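In order, the protein sequence lines correspond to chains A and B. With the first sequence counted from 1, adding 2 to any position gets you this note's numbering. With the second sequence counted from 1, adding 2 to any position gets you this note's numbering. Beta carbons: idealized from backbone N, C-alpha and C, even for Gly. Quick caveat: nothing in here was measured; it's all calculated off a predicted structure. The structure appears below as structure tokens.
There are 2 protein chains.
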Amino acid sequence: MRDKELRNAKGQNEQEFLEAYKPGNYERPSVTVDILIFSLIDKKAETKRTVSQKELRVLLIKRKDHPFMHCWAIPGGFVNMDENLETAAYRELKEETNVEDVYLEQLYTFGNVGRDPRMRVISTAYLALTSQEDIEPVAGDDAKEAKWFIVQNGEQYLKLVSEDGKDVICYDKTTKKDSLKDGSALAFDHLDILLMGLDRLKNKVDYTDVAFSLLPELFTITEARNVYEILLGKQIDKANFRREIKKKVIETDQYADDYKKSQLYRFNPCWNNKKKDNYIKVK
Amino acid sequence: MRDKELRNAKGQNEQEFLEAYKPGNYERPSVTVDILIFSLIDKKAETKRTVSQKELRVLLIKRKDHPFMHCWAIPGGFVNMDENLETAAYRELKEETNVEDVYLEQLYTFGNVGRDPRMRVISTAYLALTSQEDIEPVAGDDAKEAKWFIVQNGEQYLKLVSEDGKDVICYDKTTKKDSLKDGSALAFDHLDILLMGLDRLKNKVDYTDVAFSLLPELFTITEARNVYEILLGKQIDKANFRREIKKKVIETDQYADDYKKSQLYRFNPCWNNKKKDNYIKVK
DNA sequence: TCAATAGTGTCTTTAAGACACTATGTT
DNA sequence: AACATAGTGTCTTAAAGACACTATTGA
């Protein structure tokens with residue numbers, strides 16, 4: 003234990019020091035959190051299909067004032083002095099979606115000088131995943147618009163289309179420009195945040211269990227594969243995928259409603275305990 | 003392009019808005035950067051050896067005032083209003099070590115409410131790696147002490163020993179307590195930062211090239227293996243390691259001074275271009 | 001000469017990928 | 001009946017690990 007009675011150069015012990023301490027009147031940046039909220043949604047059936055396909059979507063809000071007025075942005079807000087960064091992220095998340103049961107992880111902190119023309123803002127971005135499909139974006143107190151945007155993350159471009167189809171944001175990864183007549187990129191550096199979030203998801207899919215945070219309690223293996231394919235952006239062999247995923251799930255005695263042959267599974271959080279045992283053994 | 007002449011609810015265009023904008027007098031947290039600076043150092047020979055072994059070390063400074071007076075801490079400082087987070091990290095790094103040519107990456111942002119008893123401080127931690135072994139810590143203007151600490155990162159405990167052997171910090175990972183009579187843990191939440199940094203290194207070693215940032219321009223394969231072993235905390239089969247590492251290096255016609263059979267290699271930054279080609283092919 | 005190290009060769013085990021095949025449910 | 005999908009079996013290929021062996025150097 004460190005000795006609280008140690009005295010500093012001015013002869014103060016720690017308590018005296020803290021009482022005498024006045025934070026200087028230095029200029030300070032504002033600190034905010036921004037949250038990328040992802041979930042899945044049933045894809046509109048293009049052909050007659052028996053099983054449903056899913057799509058990835060992200061929640062965006064429309065700015066009502068300068069700067070970037072009328073631009074779409076990632077939801078976020080100021081960090082209160084009495085709340086942790088993560089707490090602030092949870093609070094904002096709840097304010098935007100009324101959802102509480104989510105996967106949440108810190109993504110990155112964006113703090114470039116000019117990222118907000120009004121003032122210096124340091125923003126810590128969080129990544130949230132939820133399995134709920136029935137989330138209605140909450141209209142904010144300032145009557146801001148909030149919409150889900152389907153994420154089409156191709157190799158050449160990223161395309162965001164609002165669920166009603168009225169708003170489209172298109173970004174060309176090669177030319178690094180937003181390239182659609184009626185589309186404008188996201189506000190601030192929010193495009194960077196989104197791209198980093200998608201990248202993080204892609205990377206973490208095959209060495210963590212993030213995919214299951216997007217899936218409901220019970221799911222078919224085909225649905226799980228569908229999620230992996232969406233996040234990885236490529237097709238996966240169904241036989242090989244089944245072999246791998248079976249290590250991570252436990253089967254139920256239930257079957258899917260729409261296709262009775264599809265068995266339902268649930269995620270098994272203990273699946274990697276065995277692997278850890280092996281790991282220790284190796285050492 | 004977004005139209006700057008759009009007018010908001012008050013009838014302002016963007017320029018008018020920005021000019022009229024006064025950042026509110028909300029309380030704001032202080033924003034700092036902390037930097038974990040790692041490098042290697044020749045291990046003191048315990049037995050007569052022909053080749054030198056390396057150890058990992060981290061730079062710490064000794065606090066001269068409350069809070070955590072006389073505790074060791076990770077170097078860092080306030081972010082100026084006109085510099086990016088990363089710029090601030092570079093600046094602090096140079097102030098502490100006079101080294102500029104380093105690998106630098108953002109680690110995590112620590113922002114819990116009580117982490118600094120004086121005031122609310124949000125700190126973005128950075129991870130720096132340098133290959134230079136001859137770095138003398140710069141004594142700060144406030145005459146603060148700075149020392150390199152050898153990192154012994156075992157499974158049960160983390161032990162930090164200053165190069166002169168006078169300071170020892172020992173942390174028991176299982177009981178989560180600092181467990182040495184004369185040792186006290188690091189200041190603030192800096193132990194968490196250090197542990198996260200070591201974890202990040204361990205994880206990134208085998209899917210990135212961070213290890214080479216700790217190695218000099220020319221190195222033997224044994225030295226490279228030594229670094230991997232230190233960061234991973236386990237022994238590696240030399241034949242298998244050689245097979246893997248040879249993909250990432252190019253050989254020179256030079257040989258080590260101390261043991262003439264040891265061929266010297268240099269890192270080949272283009273080694274993964276081929277792999278990327280394959281990756282695209284797969285898709 | 002001897003011990004330590006650099007470096008090679010090869011066998012085994014494991015993981016990943018490709019692909020054909022059967023079975024079942026839906027229309 | 002025709003078709004889409006669930007689910008299985010098996011072959012091939014690539015990566016990872018284990019380990020014995022030779023060659024060279026420095027003391």
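Practice item. Go ahead and label residue 109 (chain B) buried or exposed: buried means 16 or more other beta carbons lie within 10 angstroms of its beta carbon, across all protein chains shown. Key: Taking the second sequence and counting its residues from 1, one reaches residue 109 (chain B) at position 107. Counting Cβ neighbours within 10 Å, residue 109 (chain B) comes out buried, since at least 16 surround it.
Practice item. Please classify residue 138 (chain B): is it buried, with 16 or more other beta-carbons within 10 angstroms of its beta-carbon, or exposed? Key: On the second sequence, position 136 is the one that residue 138 (chain B) refers to. It is exposed - the Cβ of residue 138 (chain B) has fewer than 16 other Cβ atoms within 10 Å.
Check your understanding: In the segment 192-259 of chain A, which residue ranges form an unbroken beta strand (DSSP E) of at least 3 residues, counting only runs that do not cross its ends?
Key -> 251-257
Exercise for review: Say whether chain B places a C-beta atom closer than 9 Å to the C-beta of residue 11 (chain A).
Suggested key: The residue given as residue 11 (chain A) occupies position 9 in the first sequence. With 9 Å as the cut-off, residue 11 (chain A) counts as an interface residue toward chain B.
Check your understanding: What residue from A:148, A:226, A:225 and A:116 has the CA that sits closest to residue 1 (chain A)'s CA?
Key -> Residue 1 (chain A) cannot be examined here, being either before or after the span of chain A that is shown, 3 to 285.
Exercise for review: Note down, in chain order, every chain A residue with its Cβ under 8 Å from the Cβ of residue 110 (chain B).
Suggested key: Looking up residue 110 (chain B) in the second sequence gives position 108. Going along chain A in sequence order, the residues near residue 110 (chain B) (Cβ under 8 Å) are 108.
Practice item. Check whether the Cβ of residue 278 (chain B) lies closer than 9 Å to any Cβ atom in chain A. Key: Taking the second sequence and counting its residues from 1, one reaches residue 278 (chain B) at position 276. Any reading at residue 278 (chain B) is ruled out, since the residue's pLDDT is 42, under 50, leaving its predicted position unreliable.
**Study point:** Range of the contiguous beta strand (DSSP E) that encloses residue 38 (chain A)
**Key:** What you label residue 38 (chain A) is simply residue 36 of the first sequence in a count that begins at 1. Per DSSP, residue 38 (chain A) belongs to the beta strand (DSSP E) from 32-44.
Exercise for review: From the DSSP output, read off the bridge partner residues of residue 137 (chain A).
Suggested key: As a first step, residue 137 (chain A) must be located in the first sequence, where it is residue number 135. DSSP lists no partner for residue 137 (chain A).
Exercise for review: Specify the secondary structure class of residue 120 (chain A) as computed by DSSP and reduced to three states.
Suggested key: In the first sequence, the residue the question calls residue 120 (chain A) occupies position 118. Looking at residue 120 (chain A) - three-state DSSP - the assignment turns out to be coil, as it is neither helix nor strand.
Exercise for review: Output the distance between the C-alpha atoms of residue 82 (chain B) and residue 260 (chain B), rounded to the nearest integer angstrom.
Suggested key: Taking the first residue of the second sequence as position 1, residue 82 (chain B) is located at position 80. Taking the first residue of the second sequence as position 1, residue 260 (chain B) is located at position 258. Taking the straight line from one Cα to the other gives about 47 Å.
Point to revise | C-alpha gap between residue 230 (chain A) and residue 157 (chain A), whole angstroms | key: On the first sequence, position 228 is the one that residue 230 (chain A) refers to. On the first sequence, position 155 is the one that residue 157 (chain A) refers to. Between residue 230 (chain A) and residue 157 (chain A), the C-alpha separation is close to 16 Å.
Practice item. List the residues of chain A whose Cβ lies closer than 8 Å to the Cβ of residue 194 (chain B), in chain order. Key: For this step, residue 194 (chain B) is matched to residue 192 along the second sequence. Under the 8 Å cutoff, chain A gives no residues; its nearest Cβ is about 13 Å from residue 194 (chain B).
Review point. Should residue 170 (chain A) and residue 161 (chain A) be called a contact, given that it needs their Cβ atoms to be closer than 9 Å?
Key: Residue 170 (chain A) sits at position 168 when you count from the first residue of the first sequence. Residue 161 (chain A) sits at position 159 when you count from the first residue of the first sequence. Contact: yes.
Review point. Can a CB atom of chain B be found closer than 9 Å to the CB of residue 113 (chain A)?
Key: Numbered from its first residue, the first sequence carries residue 113 (chain A) at position 111. Yes, because at least one Cβ of chain B sits closer than 9 Å to the Cβ of residue 113 (chain A).
Practice item. Examine the Cβ distances between the segment 222-236 of chain B and the segment 106-121 of chain B and report whether three or more of them are shorter than 8 Å. Key: no
Exercise for review: Would you list the residues sitting across from residue 92 (chain A) in a DSSP beta bridge?
Suggested key: Sequence index remark: in the first sequence, residue 92 (chain A) carries index 90 (1-based). Partner(s): none; residue 92 (chain A) has no beta bridge.
Review point. Are three or more beta carbon pairs between the segment 59-76 of chain A and the segment 9-19 of chain B nearer than 8 Å?
Key: yes
Review point. Which one of B:98, B:124 and B:107 has the shortest CA to CA distance from residue 31 (chain A)?
Key: Working through the first sequence from its first residue, we reach residue 31 (chain A) at position 29. Selected option, being the one with the closest Cα: B:124.
Review point. Where do the N-terminal and C-terminal ends of the beta strand (DSSP E) with residue 148 (chain B) fall, by residue?
Key: Locating residue 148 (chain B) in the second sequence gives position 146, where the first residue counts as 1. Element bounds for residue 148 (chain B): 147-155.
Check your understanding: Any idea if residue 128 (chain A) is buried or exposed, counting beta-carbon neighbours within 10 angstroms, 16 or more meaning buried?
Key -> Within the first sequence, numbered from 1, the residue matching residue 128 (chain A) stands at position 126. Under this definition residue 128 (chain A) is a buried residue.
Check your understanding: Hey, is residue 53 (chain A) close to the ligand SAH, as in C-beta under 8 Å from one of its heavy atoms?
Key -> No copy of the ligand SAH appears in this structure; indeed no ligand is present at all.
Practice item. Report yes if the C-beta distance between residue 131 (chain B) and residue 212 (chain B) is below 9 Å; otherwise report no. Key: As a first step, residue 131 (chain B) must be located in the second sequence, where it is residue number 129. As a first step, residue 212 (chain B) must be located in the second sequence, where it is residue number 210. Taking 9 Å as the Cβ cut-off, residue 131 (chain B) and residue 212 (chain B) qualify as a contacting pair.
Practice item. Spatial neighbours of residue 155 (chain B) within its chain, please: CB distance less than 7 Å, with the 5 preceding and 5 following residues excluded, ordered by chain position. Key: Numbered from 1 along the second sequence, position 153 holds the residue referred to as residue 155 (chain B). Excluding positions up to five away in sequence, the list reads 200 and 235.
Point to revise | Three-state class that DSSP yields for residue 111 (chain B) in the structure shown | key: As a working mapping, residue 111 (chain B) is identified with position 109 in the second sequence. Here residue 111 (chain B) sits in strand by DSSP.
Review point. Residue 135 (chain B) versus chain A: which residues are under 8 Å apart at the beta carbon?
Key: Against the second sequence, residue 135 (chain B) aligns to sequence position 133. Correct list: empty, because the minimum Cβ distance to chain A is about 29 Å.
Review point. Hey, out of B:239, B:24, B:121 and B:269, whose CA is closest to residue 190 (chain B)'s CA?
Key: As a working note, residue 190 (chain B) is residue 188 in the second sequence. For residue 190 (chain B), the nearest C-alpha among the options comes from B:121.
Review point. Should residue 245 (chain A) go down as buried or exposed, given a rule of 16 or more other Cβ atoms within 10 Å for buried?
Key: Walking along the first sequence from the start, residue 245 (chain A) turns up at place 243. Exposed, because fewer than 16 other Cβ atoms sit within 10 Å of the Cβ of residue 245 (chain A).
Exercise for review: With DSSP as the reference, label residue 87 (chain A) as helix, strand or coil.
Suggested key: Numbered from its first residue, the first sequence carries residue 87 (chain A) at position 85. If DSSP states are grouped into helix, strand and coil, residue 87 (chain A) belongs with the helices.
Review point. Rounded to whole angstroms, how far is the Cβ of residue 42 (chain B) from the Cβ of residue 135 (chain B), which I believe are closer than 8 Å?
Key: To locate residue 42 (chain B), count along the second sequence from 1; it is residue 40. To locate residue 135 (chain B), count along the second sequence from 1; it is residue 133. Right, the Cβ-Cβ distance comes to about 6 Å (below 8 Å), so this counts as a contact.
Point to revise | Rounded C-alpha distance that separates residue 197 (chain B) from residue 257 (chain A) | key: In the second sequence, counting from the first residue as 1, residue 197 (chain B) sits at position 195. In the first sequence, counting from the first residue as 1, residue 257 (chain A) sits at position 255. Distance between the alpha carbons of residue 197 (chain B) and residue 257 (chain A): 45 Å.
Check your understanding: With which residues is residue 174 (chain A) paired in a DSSP beta bridge?
Key -> As a first step, residue 174 (chain A) is located in the first sequence; it is residue number 172 there, counting from the start. Paired residues: A:159 and A:179.
Check your understanding: For the beta strand (DSSP E) that residue 79 (chain A) lies in, which residues bound it at each end?
Key -> Here residue 79 (chain A) corresponds to residue number 77 of the first sequence, with the count starting at 1. Element bounds for residue 79 (chain A): 78-80.
**Study point:** For residue 17 (chain A), the three-state DSSP class (helix, strand or coil)
**Key:** Here residue 17 (chain A) corresponds to residue number 15 of the first sequence, with the count starting at 1. Helix, per DSSP.
Review point. Residues of chain A with a CB under 9 Å from the CB of residue 27 (chain B): which are they?
Key: Residue numbering aside, residue 27 (chain B) sits at position 25 when the second sequence is read from its first letter. In chain order: nothing, as chain A lies at least about 11 Å away.
Practice item. Count the other C-beta atoms from every protein chain shown that fall within 10 angstroms of the C-beta of residue 300 (chain A), then say buried if there are 16 or more, exposed otherwise. Key: No answer is possible for residue 300 (chain A): the residues shown for chain A start at 3 and end at 285.
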